[in-house]
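Protein chains in written order, with the numbering used here: chain E, 1 to 195; chain G, 1 to 195.
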DNA sequence: TGTACAAGTAATCAACCGATTACAACCTGA
DNA sequence: TCAGGTTGTAATCGGTTGATTACTTGTACA
């Protein structure tokens with residue numbers, strides 16, 4: 001369950017990373033307001049006081065988690081663009097995205113960033129990140145504005161299906177919808193997402 | 001700012017409605033965990049104790065708000081299907097949806113329902129609601145599974161754009177993206193959503 | 001009229017949370 | 001070796017929150 005259980009002392013840089021990994025999971029499960037610094041500390045195997053002191057505040061920690069999540073999407077998309085295996089680029093991007101948000105911590109971090117769009121500290125991070133991704137699929141992957149928009153739309157539906165855990169439902173309509181969403185490869189989708 | 005400011009005593013049924021209206025706004029602004037029963041009470045013009053006693057708990061109140069939000073989508077979609085003005089049904093549904101989620105309370109209630117997909121009390125409400133909407137656009141509006149899926153995807157992108165408040169941004173790429181999302185009628189979109 | 005129930009609140013409680021402080025343990029190098 | 005910086009924690013504090021209790025006020029109707 002916990003991300004780190006090693007006991008020995010760690011250099012500050014590594015400790016930061018382990019806290020960020022734990023925070024991504026806990027923020028994902030409970031949301032920004034719902035998560036506590038103590039839950040994050042327990043998941044990271046350290047004291048609550050150390051979590052707060054390392055990042056200054058709970059809000060600063062969440063902003064850093066949000067930036068990391070956007071950064072991982074960027075990196076995955078650039079890799080998918082560079083690794084041309086003959087399939088259309090949108091297809092490669094889609095698969096890269098699904099593999100990424102199969103990590104529930106990242107998925108739910110994204111959703112929480114969206115719903116905090118009017119927060120003065122987190123809103124700008126979300127807007128900049130989303131536009132960065134839009135520019136990336138338009139300019140670097142070469143999609144038209146219309147195709148880029150459709151691609152993002154499919155991604156947002158994937159978010160919703162995974163968040164609601166509609167994969168894993170055996171309702172026939174759910175199966176039909178999820179099959180549409182994952183482009184037909186339901187088995188692979190469920191394996192990735194743990195449905 | 002507040003939804004109700006009338007002072008006189010109200011029968012329980014009407015008071016329930018006014019609390020639900022206030023709760024939709026406050027839950028939307030702060031999220032489930034972030035909203036307090038006292039903020040809801042203030043918005044409804046009554047005491048915090050009465051809010052809790054009327055619904056039993058904060059969670060029960062949120063579940064009711066969530067059910068109402070799904071119900072409003074259902075109702076709006078049925079109306080859009082029935083009111084055939086010659087435009088394609090998907091177009092009518094899209095406009096009805098935008099008019100609905102221009103209400104930030106409803107929009108953010110939906111997003112919070114999604115991110116609470118693994119909550120034992122709220123998750124089932126979200127799954128049932130989403131599948132109900134899927135069946136509605138497929139069976140009653142007559143869209144193919146593929147078209148229905150695309151329609152829902154566009155809706156989820158609309159959610160994200162509105163939540164992040166990308167309408168209202170003057171970044172040229174944001175304008176381009178939002179124009180795609182709203183089907184070209186940027187002015188009308190911004191008027192509705194207050195960007 | 002008066003009483004019984006419905007509408008509504010003030011006051012309070014136990015639990016929780018983020019942050020601060022003060023301190024302990026460990027490591028490095030001069 | 002011992003001084004100083006780094007890693008880490010225990011204890012605690014002020015503020016907040018959802019919920020409970022005991023109470024007041026209004027009103028329908030027999």
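The beta carbon of each residue, even a glycine, is placed where N, CA and C say it ideally should be. On a predicted model such as this, the values are computed, not experimentally measured, just so you know.
- Taking Cβ-Cβ distances shorter than 7 Å, what residues in chain E pair up with residue 120/G? Counting from one through the second chain, the residue named residue 120/G turns up at place 120. Within chain E, no residue comes near residue 120/G; the closest Cβ sits about 12 Å away, beyond 7 Å.
- Residues of chain G with a CB under 7 Å from the CB of residue 177/E: which are they? To locate residue 177/E, count along the first chain from 1; it is residue 177. For residue 177/E, the residues of chain G that pass the 7 Å Cβ criterion are 134 and 149, in the order they occur in the chain.
- Nearest-angstrom Cα separation, counted from residue 51/G out to residue 63/G: Stepping through the second chain from its first residue, residue 63/G is reached at position 63. Stepping through the second chain from its first residue, residue 51/G is reached at position 51. In a straight line, the C-alpha of residue 63/G is about 14 Å away from that of residue 51/G.
- Message: Could you check whether residue 131/G and residue 171/E sit closer than 8 Å to each other, using their CB atoms as the reference points?
- Response: For this step, residue 171/E is matched to residue 171 along the first chain. For this step, residue 131/G is matched to residue 131 along the second chain. It is a contact, given that the beta carbons lie within the stated cut-off.
- Task: Using a Cβ cut-off of 7 Å, pull out every chain E residue sitting near residue 105/G, in sequence order please.
- Result: For the purposes of this step, residue 105/G is identified with residue 105 of the second chain, where counting begins at 1. Those do not exist, as residue 105/G stays about 12 Å from chain E at its closest Cβ, beyond 7 Å.
- Task: Along the alpha helix (DSSP H) that carries residue 63/E, what are the first and last residues, could you check?
- Result: Sequence index remark: in the first chain, residue 63/E carries index 63 (1-based). Going by DSSP, residue 63/E is part of the alpha helix (DSSP H) stretching over 58 to 82.
- Message: Using only the alpha-carbon positions, how far apart do residue 103/E and residue 76/G sit?
- Response: Start at 1 with the first residue of the first chain, and residue 103/E comes out as number 103. Start at 1 with the first residue of the second chain, and residue 76/G comes out as number 76. Going from the Cα of residue 103/E to the Cα of residue 76/G covers about 34 Å.
- Beta-carbon neighbours of residue 145/E, restricted to chain G and to distances below 7 Å: One-based indexing of the first chain puts residue 145/E at position 145. Near residue 145/E (Cβ distances below 7 Å), the residues of chain G are 176 and 180.
- Query: Roughly how many whole angstroms lie between the Cα atoms of residue 182/E and residue 47/E?
  - Reply: The residue labelled residue 182/E in the question sits at position 182 within the first chain. The residue labelled residue 47/E in the question sits at position 47 within the first chain. Their backbone Cα atoms lie some 41 Å apart in a straight line.
- Task: Kindly list, in the order they appear in chain G, the residues whose Cβ is closer than 9 Å to that of residue 127/E.
- Result: Along the first chain, read from residue 1 onward, the residue named residue 127/E stands at position 127. Near residue 127/E (Cβ distances below 9 Å), the residues of chain G are 164, 165, 166, 169, 171 and 174.
- What's the gap between the Cα of residue 138/G and the Cα of residue 148/G? Numbered from 1 along the second chain, position 138 holds the residue referred to as residue 138/G. Numbered from 1 along the second chain, position 148 holds the residue referred to as residue 148/G. Rounded to whole angstroms, the separation of the alpha carbons of residue 148/G and residue 138/G is 6 Å.
- Who are the neighbours of residue 112/G on chain E, taking C-beta pairs under 7 Å? Indexing the second chain from 1 puts residue 112/G at position 112. Going along chain E in sequence order, the residues near residue 112/G (Cβ under 7 Å) are 115.
- Message: Helix, strand or coil, according to DSSP, for residue 33/E in the structure here?
- Response: For the purposes of this step, residue 33/E is taken as the residue at position 33 of the first chain. Correct three-state label for residue 33/E: helix.
- Note down, in chain order, all residues in the stretch 40 to 64 of chain G with a beta-carbon under 7 Å from any beta-carbon belonging to chain E. When CB distances to chain E are screened at a threshold of 7 Å, not a single residue of the stretch 40 to 64 of chain G falls below it.
- CB contact check: residue 192/G to chain E, cutoff 8 Å: Counting from one through the second chain, the residue named residue 192/G turns up at place 192. Not closer than 8 Å to any Cβ of chain E, the Cβ of residue 192/G fails to qualify, so no.
- Query: When the cut-off is 8 Å and only beta carbons count, does residue 69/G lie next to chain E?
  - Reply: Counted from its first residue, the second chain places residue 69/G at position 69. So no, residue 69/G is outside the interface.
- Query: Given that a residue counts as buried once 16 or more other Cβ atoms are within 10 Å of its Cβ, and exposed if not, what is residue 57/G?
  - Reply: Here the question's residue 57/G lines up with position 57 in the second chain. Residue 57/G should be labelled exposed.
- If you count every other CB in all the chains shown that lies within 10 Å of the CB of residue 184/G, and 16 or more means buried, which is it? Position 184 of the second chain holds residue 184/G. Residue environment for residue 184/G: exposed (fewer than 16 other C-beta atoms within 10 angstroms of its C-beta).
- Within the 8 Å Cβ cut-off, does residue 90/E reach chain G? In the first chain, the residue the question calls residue 90/E occupies position 90. In terms of beta-carbon proximity, residue 90/E stays away from the interface with chain G, with every pair separated by 8 Å or more.
- Query: Can you name, in chain order, every residue of its own chain whose Cβ lies under 7 Å from the Cβ of residue 88/E, other than the five neighbours on each side?
  - Reply: In the first chain, residue 88/E corresponds to position 88, counting from 1. Contacts found: none.
- Message: In whole angstroms, give me the CA-to-CA distance for residue 119/G and residue 90/E.
- Response: The residue given as residue 119/G occupies position 119 in the second chain. The residue given as residue 90/E occupies position 90 in the first chain. Straight-line spacing of the CA atoms in residue 119/G and residue 90/E works out to 33 Å.
- For residue 33/E, return the contacting residues in chain G, with the cut-off set at a CB-CB distance below 9 Å. Numbered from its first residue, the first chain carries residue 33/E at position 33. Result: 30, 31, 32, 33, 34 and 35.
- Message: Closer than 8 Å is the cut-off here; do at least three beta carbon pairs connect the stretch 159 to 179 of chain G with the stretch 6 to 20 of chain G?
- Response: Touching, no, given that fewer than three Cβ pairs across the two stretches are closer than 8 Å.
- Task: Could you tell me which chain E residues have their CB closer than 7 Å to the CB of residue 154/G, listed as they occur along the chain?
- Result: By one-based count along the second chain, residue 154/G stands at place 154. Within chain E, the residues near residue 154/G are 153.
- Among 188/G, 67/G and 151/G, which has the Cα closest to the Cα of residue 135/G? The count along the second chain starts at 1 and reaches residue 135/G at position 135. Closest by alpha carbon: 151/G.
- Message: Tell me which residues share the same chain as residue 70/E and place their Cβ nearer than 6 Å to its Cβ, disregarding the 5 neighbours each side in the sequence.
- Response: As a position in the first chain, residue 70/E is number 70, starting the count at 1. Answer for residue 70/E: 129, listed in chain order.
- Item | Beta-carbon contacts of residue 162/G that lie in its chain and below 7 Å, excluding the five residues immediately before and after | Sequence index remark: in the second chain, residue 162/G carries index 162 (1-based). Only residues of its own chain outside the window of five on either side were considered, and among them 101, 107 and 193 have a CB closer than 7 Å to the CB of residue 162/G, listed in chain order.
- In this structure, does DSSP put residue 103/G in helix, strand or coil? For the purposes of this step, residue 103/G is taken as residue 103 along the second chain, with counting starting at 1. It is coil, neither helix nor strand.
- Query: Where residue 121/E and residue 73/G are concerned, what is the direct C-alpha to C-alpha distance, given to the nearest angstrom?
  - Reply: Residue numbering aside, residue 121/E sits at position 121 when the first chain is read from its first letter. Residue numbering aside, residue 73/G sits at position 73 when the second chain is read from its first letter. Near 31 Å, if we compare the C-alpha coordinates of residue 73/G and residue 121/E.
- Please classify residue 59/G: is it buried, with 16 or more other beta-carbons within 10 angstroms of its beta-carbon, or exposed? Position 59 of the second chain, counted from the start, is the residue given in the question as residue 59/G. Answer is exposed; the Cβ neighbour count stays below 16.
- Which runs of the alpha helix (DSSP H) spanning at least 4 residues fall entirely within the stretch 136 to 168 of chain E, listed in chain order? The alpha helix (DSSP H) runs of length 4 or more contained entirely in the stretch 136 to 168 of chain E are, from start to end of the chain, 145 to 163.
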